[in-house]
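Read left to right, the sequence shown gives residues 8 to 340 (the numbering used here).
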Amino acid sequence: MLKIGLLGAGRIAGVHATAISSNPLSTLAAVSDYIPENAEELAAEYDCAARTTEEIIADKSIDAVLIATSTDTHSGLIEAATAAGKAVLCEKPVDLSLARARACQAAVAKTGKPVMIGFNRRFDPNFSTLRAALEAGEIGKPELLSITSFDPAPPPIAYIMVSGGLFRDMMIHDFDMANFLMGSAPESVSAVGSSIVDPEIGAAGDIDTAVVTLTYADGRIAVIKNSRRAVYGYDQRVELLGSKGLLQAQNMLENTVVKSTEAGVTSAKPTYFFLERYMPSYANEWGAFVQAIQTGTPVPVSLEDGVLALKMAEAAAQSVSEGRPVKLSEVAG
Ligand SMILES: NC(=O)c1ccc[n+]([C@@H]2O[C@H](COP(=O)([O-])OP(=O)(O)OC[C@H]3O[C@@H](n4cnc5c(N)ncnc54)[C@H](O)[C@@H]3O)[C@@H](O)[C@H]2O)c1
């Protein structure tokens with residue numbers, strides 16, 4: 008049984024607390040938060056201790072920590088936890104700075120401790136089934152990938168201001184999905200982006216609408232479309248064209264009823280947002296982490312995967328600001 012410390016008691020930490028405590032091979036021992044009342048509330052709900060982050064990291068009886076704190080704390084906490092001998096599952100992104108993420112990678116390498124990055128969409132049953140079909144050779148060689156990822160509504164401006172921008176905060180999931188399905192890093196990244204959903208997002212120096220094209224050394228192409236607004240719900244689709252066929256993962260709908268009348272044919276909307284759409288993925292992600300730690304096998308999403316996605320985000324941001332395709336090899340850090 009793995010004894011777990013949960014760092015952070017915010018929005019996503021609650022989801023992880025459920026996953027940790029419902030897995031038969033892990034137990035939630037303690038939770039911390041910068042705001043002690045947050046930790047106390049979550050600890051009461053899950054019948055565990057509320058402690059400080061430092062106390063959890065120093066506690067030798069705790070085997071692993073799950074880092075669900077604000078993004079700007081991730082790399083520092085990964086370093087502290089691995090130096091204290093703990094295995095880590097850390098929420099995305101590794102950091103907002105590629106150079107800082109690289110320094111974290113170097114520090115972790117010295118400890119030899121496993122660090123998994125929380126790209127939960129790899130564990131979504133739809134996307135993992137799609138990948139299994141790809142791996143089984145059912146569509147031959149993948150040639151053209153298309154990822155649609157639209158949020159239902161933009162977050163508050165206060166969130167945008169500290170998010171690191173659409174590419175590092177939102178599209179980072181899609182960069183990782185492209186890596187998961189294409190099996191290698193792209194050679195170059197070409198991005199266009201604008202702020203047409205909410206002028207305040209533009210005034211804050213960010214974009215809310217973007218299209219990125221990834222090109223691969225062997226000629227394969229991937230296209231990622233992001234928007235911070237889709238009035239009909241959370242639109243999360245993947246389409247992969249291969250030499251022998253096509254794989255598509257469609258949206259999860261609120262219900263499966265299709266209504267056909269004289270007026271037309273209608274169905275329910277997609278589920279509202281990530282908590283509704285991806286809930287099973289968080290439990291699967293945690294199960295995969297626990298299994299890797301217990302069997303001593305590599306974690307299925309590595310720190311290197313997290314750094315690569317961040318590098319692609321930096322290339323996309325550079326492509327928008329310079330108005331040209333950017334090779335990954337050009338990105339410093
Ligand atoms: N994988 C996903 O689907 C997904 C979804 C949402 C958020 N996230 C990521 O999870 C992280 C947290 O996001 P959130 O939406 O839960 O934010 P949140 O603001 O709701 O929660 C973050 C919590 O961390 C606490 N905190 C900050 N520094 C701390 C420290 N040093 N020690 C302990 N607690 C500390 C804050 O007080 C806050 O309660 C972000 O990095 C975000 O990118 C991932």
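The beta carbon of each residue, even a glycine, is placed where N, CA and C say it ideally should be.
Note that the coordinates shown come from a computational prediction; the quantities given were computed from them, not determined experimentally.
| Which parts of the segment 81 to 141 are runs of the beta strand (DSSP E), unbroken and 3 residues or longer, counting only runs that do not cross its ends? | Whole beta strand (DSSP E) segments, 3+ residues: 94 to 98 and 122 to 125.
| field | Unbroken beta strand (DSSP E) run spanning residue 266, endpoints | value | Your numbering for residue 266 matches position 259 in the sequence shown. Residue 266 -> beta strand (DSSP E) spans 265 to 268.
| What did DSSP end up calling residue 169 once you bin it into helix, strand or coil? | Taking the first residue of the sequence shown as position 1, residue 169 is located at position 162. In the structure shown, residue 169 sits in a helix (DSSP, three-state: H, G or I).
| field | Cβ-Cβ separation, residue 322 to residue 333 (assumed contact under 8 Å), whole Å | value | As a first step, residue 333 must be located in the sequence shown, where it is residue number 326. As a first step, residue 322 must be located in the sequence shown, where it is residue number 315. With a Cβ gap of about 5 Å, residue 333 and residue 322 count as contacting.
| task | Consider the C-beta atom of residue 183 and the heavy atoms of ligand 1; say whether any pair is separated by less than 7 Å. | result | Within the sequence shown, numbered from 1, the residue matching residue 183 stands at position 176. Incorrect: residue 183 has no Cβ contact closer than 7 Å to ligand 1.
| query | In or out: residue 8 buried (at least 16 other Cβ within 10 Å) or exposed? | reply | For this step, residue 8 is matched to residue 1 along the sequence shown. With fewer than 16 Cβ atoms within 10 Å of its Cβ, residue 8 is classed as exposed.
| query | Mind checking whether the beta-carbon of residue 39 lies closer than 7 Å to any heavy atom of ligand 1? | reply | For this step, residue 39 is matched to residue 32 along the sequence shown. It does: the Cβ of residue 39 is within 7 Å (strictly closer) of some heavy atom of ligand 1.
| task | Determine the DSSP secondary structure at residue 257, reduced to helix, strand or coil. | result | Indexing the sequence shown from 1 puts residue 257 at position 250. In this structure, DSSP gives residue 257 a state outside helix and strand, which the three-state scheme calls coil.
| field | Which listed residue (288, 286, 142 and 85) has its alpha carbon closest to that of residue 111 | value | Here residue 111 is taken as the residue at index 104 of the sequence shown, counted from 1. Of 288, 286, 142 and 85, the residue nearest in Cα terms is 85.
| query | Under 8 Å, do residue 134 and residue 99 count as touching if we go by C-beta distance? | reply | The residue given as residue 134 occupies position 127 in the sequence shown. The residue given as residue 99 occupies position 92 in the sequence shown. No, Cβ-Cβ distance for residue 134 and residue 99 is not below 8 Å.
| query | Using a Cβ-Cβ cut-off of 6 Å (strictly less than) and excluding sequence neighbours within five positions of residue 70, which residues of its own chain qualify? | reply | Here residue 70 is taken as the residue at index 63 of the sequence shown, counted from 1. If you ignore the 5 residues before and after residue 70, its C-beta comes within less than 6 Å of the C-beta of 9 and 10, all in its own chain and listed in chain order.
| Which residues share a DSSP beta bridge with residue 153? | In the sequence shown, counting from the first residue as 1, residue 153 sits at position 146. In the DSSP output, where bridge partners are listed per residue, residue 153 has 230 and 246.
| query | Do you know whose CA, among 55, 74 and 140, lies nearest residue 247's CA? | reply | Translated into positions along the sequence shown, residue 247 becomes position 240. Closest option to residue 247, judged by alpha-carbon separation, among 55, 74 and 140: 140.
| message | Taking 7 Å as the cut-off, is the beta-carbon of residue 239 closer than that to any non-hydrogen atom of ligand 1? | response | Position 232 of the sequence shown, counting from 1, holds the residue named residue 239. Flag unset: Cβ of residue 239 not near ligand 1.
| DSSP beta-bridge partners of residue 37 | Taking the first residue of the sequence shown as 1, we reach residue 37 at position 30. According to DSSP, residue 37 bridges with 12 and 56.
| Which whole runs of the alpha helix (DSSP H) in the segment 281 to 332 are 4 residues long or more, in chain order? | Listed in chain order, the complete alpha helix (DSSP H) runs (minimum 4 residues) inside the segment 281 to 332 are 281 to 284, 286 to 302 and 310 to 329.
| CB of residue 99 to nearest heavy atom of ligand 1: below 7 Å? | Along the sequence shown, read from residue 1 onward, the residue named residue 99 stands at position 92. Checking every heavy atom of ligand 1 against the Cβ of residue 99, one is found closer than 7 Å.
| task | Please classify residue 168: is it buried, with 16 or more other beta-carbons within 10 angstroms of its beta-carbon, or exposed? | result | Within the sequence shown, residue 168 is the residue found at index 161, counting from 1. By the 10 Å Cβ count, residue 168 comes out exposed.
| query | Closer than 7 Å: is that where the CB of residue 33 sits relative to any heavy atom of ligand 1? | reply | Mapped onto the sequence shown, residue 33 falls at position 26. In this structure, ligand 1 has no non-hydrogen atom nearer than 7 Å to the beta-carbon of residue 33.
| message | Measuring straight from C-alpha to C-alpha, what distance separates residue 229 and residue 130? | response | As a working note, residue 229 is residue 222 in the sequence shown. As a working note, residue 130 is residue 123 in the sequence shown. Taking the straight line joining both Cα atoms gives about 20 Å.
| message | Determine whether the beta carbon atoms of residue 15 and residue 64 lie at a separation below 8 Å. | response | Along the sequence shown, read from residue 1 onward, the residue named residue 15 stands at position 8. Along the sequence shown, read from residue 1 onward, the residue named residue 64 stands at position 57. Result no, Cβ atoms of residue 15 and residue 64 do not sit closer than 8 Å.
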